[in-house]
Amino acid sequence: MSTLWLIILFPILTGIVTLFTDSHKIRKILLIVCSVLHMVFTAFICLGSITPSTESWFCTDALSKIFLSLTSLLYFGASLYALTYLKPDEEGEHVSDFHDLSFLRNKNAVFMGCMQFFLSAMTLSVLSAHFGLQWIGVEATTLASTPLIYHHRNKKSLEAAWKYLIICSVGIALALMGVFFLAMAVPTQVEFFTPRGLSKFAGYLRTDWLQVAFIFILVGYGTKAGFAPMHTWLPDAHSEAPSPASALLSGALLNCALLAILRVYQVCAEVPAVQALALQLFILFGLVSMAISGIFIMHQADYKRMLAYSSVEHMGIMIFAFGLGKAATAAALFHAICHSLVKSSLFMLAGNILSAYQTKKVEKIHGLLRTMPFTSVLWLAGFLAITGTPPFGTFMSEFSILKVAVESRNYLFGALYLLFLVLVFVGMLTIFSTMALGKKMPMNSEGQPIGYKDPELRKDGTVYEHPLQYITPIVFLAAALFLGCYIPEPVLQIINEASAILGGKAL
Amino acid sequence: MNSIATLLALTSLFLLGSSRLSLAINMVAFQGFLIGILPLVSGHGFTLEVLILAATGIIMKSIALPHMLRKALEKSGTKREVEPYISFGASILSGILLLFVSGWIVSRLTQDEGIVSSSLIAGFFLLFTGLFTIITRKKALTQALGFLVLENGVYTAGLSLGSEFSFMVELGILLDVFVGIFLMGIMLFHIDNEFDHIDTDRFDALSDLELPDLELLNGNVLNLDQELDEEEGAE
Chain V
308 MSTLWLIILF PILTGIVTLF TDSHKIRKIL LIVCSVLHMV FTAFICLGSI TPSTESWFCT
368 DALSKIFLSL TSLLYFGASL YALTYLKPDE EGEHVSDFHD LSFLRNKNAV FMGCMQFFLS
428 AMTLSVLSAH FGLQWIGVEA TTLASTPLIY HHRNKKSLEA AWKYLIICSV GIALALMGVF
488 FLAMAVPTQV EFFTPRGLSK FAGYLRTDWL QVAFIFILVG YGTKAGFAPM HTWLPDAHSE
548 APSPASALLS GALLNCALLA ILRVYQVCAE VPAVQALALQ LFILFGLVSM AISGIFIMHQ
608 ADYKRMLAYS SVEHMGIMIF AFGLGKAATA AALFHAICHS LVKSSLFMLA GNILSAYQTK
668 KVEKIHGLLR TMPFTSVLWL AGFLAITGTP PFGTFMSEFS ILKVAVESRN YLFGALYLLF
728 LVLVFVGMLT IFSTMALGKK MPMNSEGQPI GYKDPELRKD GTVYEHPLQY ITPIVFLAAA
788 LFLGCYIPEP VLQIINEASA ILGGKAL
Chain F
436 MNSIATLLAL TSLFLLGSSR LSLAINMVAF QGFLIGILPL VSGHGFTLEV LILAATGIIM
496 KSIALPHMLR KALEKSGTKR EVEPYISFGA SILSGILLLF VSGWIVSRLT QDEGIVSSSL
556 IAGFFLLFTG LFTIITRKKA LTQALGFLVL ENGVYTAGLS LGSEFSFMVE LGILLDVFVG
616 IFLMGIMLFH IDNEFDHIDT DRFDALSDLE LPDLELLNGN VLNLDQELDE EEGAE
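Here is the structure:
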């Protein structure tokens with residue numbers, strides 16, 4: 308048994324303990340302990356101290372390392388944020404009765420427990436090399452995150468969770484079909500059903516089966532990764548989920564599904580005919596996703612849905628870049644890192660705004676700069692980062708992608724890419740500026756701000772913001788800013804290594 | 436093998452034409468049983484691992500899940516009819532069309548081998564029927580049934596391609612599917628409580644065209660200030 312199983316199993320254990328724990332305090336401690344332990348394990352894996360004993364199940368190559376560290380980091384940020392986000396148990400919610408499963412009625416216990424199951428599932432899907440095992444991991448992420456979306460236990464979250472479960476499960480079932488076809492593409496029994504194991508047989512792979520397998524897997528996992536037109540579950544799920552969960556769904560989960568597609572592409576890249584098809588499909592899905600999200604971000608009335616569509620856009624940018632190949636592959640991986648950092652901070656900030664104003668409607672919120680000083684400044688910084696404005700890392704990656712498009716004489720694709728980026732920028736600018744600028748708060752006739760359930764205003768009219776509410780966004784946004792100015796040598800090296808695995812060039 | 440494939444195709448056709456939900460559930464349970472014994476007759480011998488897989492499959496797909504869906508149906512006071520968007524006659528006709536499409540796809544795919552596998556056709560057919568059921572039926576319960584049929588199709592196709600993975604992976608896949616439909620079952624109870632119906636065509640709160648009325652959420656959205664007060668008090 309490989310030591311790697313430990314990093315997958317211990318979150319399940321702490322998760323089960325969390326489910327059965329009465330005390331909110333102990334659950335909080337478990338949540339943090341679990342994420343810190345996970346970070347320690349991740350550090351060991353990234354330093355190369357833990358490696359899989361055989362090739363058959365896991366791999367810890369540069370690609371896995373990038374996505375594993377992202378998952379671990381984002382999970383730590385989200386669990387810190389969840390500490391203030393989750394209110395203590397309500398009366399009558401305490402766990403004591405085991406025989407009729409009443410512990411499942413405690414919202415907080417289920418949420419925190421499922422967060423840890425979710426972490427375990429994401430780790431499994433990122434670390435697994437065996438295609439079957441990876442499928443189990445990706446499907447498990449869906450199952451573990453459905454209760455997170457249903458946390459508020461009302462009609463809307465139920466609808467969102469049902470759509471999420473049905474659409475993603477169907478998509479992933481198609482991907483399983485693709486995995487079976489992939490096995491058919493290999494003429495003989497392979498020793499390892501992994502990207503590297505199959506690449507050894509590159510010359511003997513059967514093109515037609517490989518093509519069918521790739522299409523099934525791209526559509527299947529693409530549903531989970533949020534590519535348009537299979538993205539329909541995404542805006543609902545991301546806007547209805549509590550903010551720590553939205554941050555994880557958007558920043559970490561979409562990447563896991565993307566990695567699953569990249570693993571299959573790794574095999575396809577060995578066969579020129581299939582690679583050509585794969586690259587064309589990547590570009591097509593990328594541009595369609597960018598176009599659709601651009602249209603829906605314009606005049607979007609709900610700011611959490613706007614962030615969700617922005618995730619569709621960024622997944623589109625990444626897959627478009629993978630389709631261009633060459634140095635764009637490295638740029639796409641760099642973009643994945645920056646996008647995860649920025650988008651998860653934005654979802655956390657959106658959670659702060661939601662908890663103060665109690666509404667997700669853009670039109671009802673203005674004057675954030677005057678009421679929530681920390682949140683609003685970060686919110687504007689996040690806007691600059693997510694739209695790819697110069698000092699941030701996202702600008703670096705988006706610019707490098709454009710450069711590759713022009714250099715490889717794909718002028719039409721480059722022009723469309725630029726057009727959609729501008730479209731999103733304009734759409735977001737209106738929304739962010741409406742929210743941040745303007746008068747303080749909508750007041751009712753008695754001079755009380757509308758929206759506050761229990762107005763907790765200070766004398767100067769600002770809202771109290773708990774440090775845990777903005778510390779993670781500060782750190783993440785600062786990291787995105789730092790990466791835009793200077794990429795540390797080890798980070799650059801690992802990105803280039805991962806890019807080489809996918810047949811791309813160095814950044 | 437061939438006779439089981441035929442039976443599988445027939446159960447799916449029957450499913451498309453049946454108007455009563457309880458009958459549809461029984462049909463899917465029977466299909467689960469057929470899927471369960473498929474590995475036993477597909478010529479892998481009777482090793483312990485094959486037996487365990489078959490037993491787990493039968494228990495999950497033909498006993499546990501149908502039982503849960505039946506419970507969900509009993510609890511819901513709604514009409515026990517399938518309520519399709521497309522009439523049953525048209526559904527069966529589409530089913531026959533889908534069967535031809537499956538046959539055509541399989542003959543194209545396996546043209547090099549020169550053999551047309553009937554269970555692969557059945558696999559594709561179940562996959563298409565599952566998708567068709569999910570799309571054209573109004574009730575959430577029917578969608579869960581459709582998903583089960585779709586999964587059965589993928590499983591059958593995988594088995595007939597002979598691309599079996601190791602025992603642990605097969606078991607993991609079965610477990611994932613089981614938990615997935617189990618979750619759907621739990622949510623069916625909740626949908627019934629929240630909406631007084633299990634129709635998905637009345638799922639219209641979330642869309643980009645009309646914004647959800649968030650005042651409803653007020654009771655449920657967290658109240659941060661309160662918690663912060665308590666924390667400060669503790670200090």
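Residue numbers (my numbering), protein chains in the order written: chain V, 308 to 814; chain F, 436 to 670.
Where a beta carbon is used, it is the ideal one built from N, C-alpha and C, also for glycine.
Computed from a predicted structure; not experimentally measured.
{"Asked": "Apart from the five residues just before and just after V/Cys341, which ones in its own chain have a Cβ nearer than 6 Å to its Cβ?", "Found": "Pro318, Thr321 and Gln423"}
{"Asked": "Give the C-beta separation of V/Ser617 and V/Ser596 to the nearest angstrom, bearing in mind that I take them to be a contact with Cβ-Cβ under 8 Å.", "Found": "Between V/Ser596 and V/Ser617 the Cβ distance is about 11 Å, and since that is not below 8 Å, they are no contact."}
{"Asked": "How long is the line joining the alpha carbons of V/Trp442 and V/Leu744, rounded to whole angstroms?", "Found": "46 Å"}
{"Asked": "Let me check understanding here. Comparing Cα to Cα, which of F/Ile493, F/Leu448, F/Asn461 and F/Phe449 lies closest to F/Leu469?", "Found": "F/Ile493"}
{"Asked": "To the nearest angstrom, how far is the alpha carbon of V/Ala509 from that of V/Val578?", "Found": "7 Å"}
{"Asked": "Give the interface partners of F/His671 over in chain V, defined as CB-CB distance under 7 Å, in chain order.", "Found": "Nothing about residue 671 of chain F can be reported from this structure: the residues present for chain F run from 436 to 670 only."}
{"Asked": "Once the 5 residues before and after V/Phe589 are set aside, which same chain residues still bring their CB inside 6 Å of it?", "Found": "Ile626, Phe629 and Gly630"}
{"Asked": "Under three-state DSSP, which class holds F/Val518?", "Found": "A small fix is needed here, since residue 518 of chain F is Glu in this sequence, not Val. Note: F/Glu518 maps to coil in three-state DSSP."}
{"Asked": "For the segment 464-491 of chain V, list every residue whose C-beta sits within 7 Å of some C-beta in chain F, in sequence order.", "Found": "Leu465, Glu466, Ala467, Ala468, Trp469, Leu472, Ile473, Ser476, Val477, Ala480, Leu483, Met484, Phe487, Ala490 and Met491"}
{"Asked": "Any residues in the segment 566-585 of chain V with a beta carbon nearer than 9 Å to a beta carbon of chain F? Which ones, in chain order?", "Found": "none"}
{"Asked": "Determine the closest residue to V/Pro774 out of V/Leu316, V/Leu370, V/Ile314 and V/Ala389, with distance taken between C-alpha atoms.", "Found": "V/Ala389"}
{"Asked": "DSSP three-state label for F/Ser453, please.", "Found": "coil"}
{"Asked": "CA-CA distance, F/Thr591 and F/Pro474?", "Found": "9 Å"}
{"Asked": "The alpha helix (DSSP H) with V/Phe603 in it runs from where to where?", "Found": "Pro579 to Ile604"}
{"Asked": "Is it right to say V/Trp686 is buried, meaning 16 or more other beta carbons lie within 10 angstroms of its own, or is it exposed?", "Found": "buried"}
{"Asked": "Thinking C-alpha only, which one of V/Gly444, V/Leu809 and V/Glu714 is nearest V/Trp364?", "Found": "V/Gly444"}
{"Asked": "V/Phe327 lies in the alpha helix (DSSP H); which residues open and close that run?", "Found": "From DSSP, V/Phe327 is part of no alpha helix (DSSP H); its letter is neither H nor E."}
{"Asked": "Under 9 Å between the Cβ atoms of V/Arg503 and V/Ala436?", "Found": "yes"}
{"Asked": "What's the call for V/Thr361, buried or exposed, on a 16-neighbour Cβ count within 10 Å?", "Found": "exposed"}
{"Asked": "Going by C-alpha distance, which of V/Val477, V/Glu466, V/Thr430 and V/Ile333 is nearest V/His345?", "Found": "V/Thr430"}
{"Asked": "According to DSSP, is V/Phe365 helix, strand or coil?", "Found": "strand"}
{"Asked": "Mind checking if F/Leu618 is an interface residue toward chain V, Cβ cutoff 9 Å exclusive?", "Found": "yes"}
{"Asked": "Rounded to the nearest angstrom, how far is the Cβ of V/Ile474 from that of V/Ile524, given a contact under 8 Å?", "Found": "Rounded, the Cβ-Cβ distance is 17 Å, inconsistent with contact."}
{"Asked": "Within its chain, find whatever has a CB closer than 7 Å to the CB of V/Leu556; leave out the 5 residues flanking it on each side and keep chain order.", "Found": "Ser452, Ala544, His545 and Ala548"}
{"Asked": "Quick one, are the C-beta atoms of V/Gly721 and V/Glu705 less than 9 Å apart?", "Found": "no"}
{"Asked": "Can you tell me the Cα-Cα spacing of F/Ser537 and F/Ala557, whole angstroms?", "Found": "8 Å"}
{"Asked": "Rank V/Met655, V/His459, V/Val477 and V/Gly623 by C-alpha distance to the C-alpha of V/Glu772 and give the top, closest one.", "Found": "V/Met655"}
{"Asked": "Determine the direct distance from the alpha carbon of V/His458 to that of V/Lys633, and round the result to whole angstroms.", "Found": "43 Å"}
{"Asked": "Consult DSSP for V/Ser309 and reduce its assignment to one of helix, strand or coil.", "Found": "coil"}
{"Asked": "Would DSSP call F/Ser552 helix, strand or coil?", "Found": "coil"}
{"Asked": "Tell me, please, whether the CB atom of V/His673 is closer than 9 Å to any CB atom in chain F?", "Found": "no"}
{"Asked": "Taking F/Gln578 as the query, report the chain V residues whose CB atoms sit under 8 Å from its CB, ordered along the chain.", "Found": "Ile473"}
{"Asked": "Need the endpoints of the alpha helix (DSSP H) that F/Thr577 sits in, please.", "Found": "Ala575 to Ser595"}
{"Asked": "How about V/His437: is its C-beta nearer than 9 Å to some C-beta of chain F?", "Found": "yes"}
{"Asked": "Would a C-beta distance cut-off of 9 Å place V/Gln518 and V/Gly658 closer than the cut-off?", "Found": "no"}
{"Asked": "When you compare the CB of V/Ala369 with every CB in chain F, is at least one pair closer than 9 Å?", "Found": "no"}
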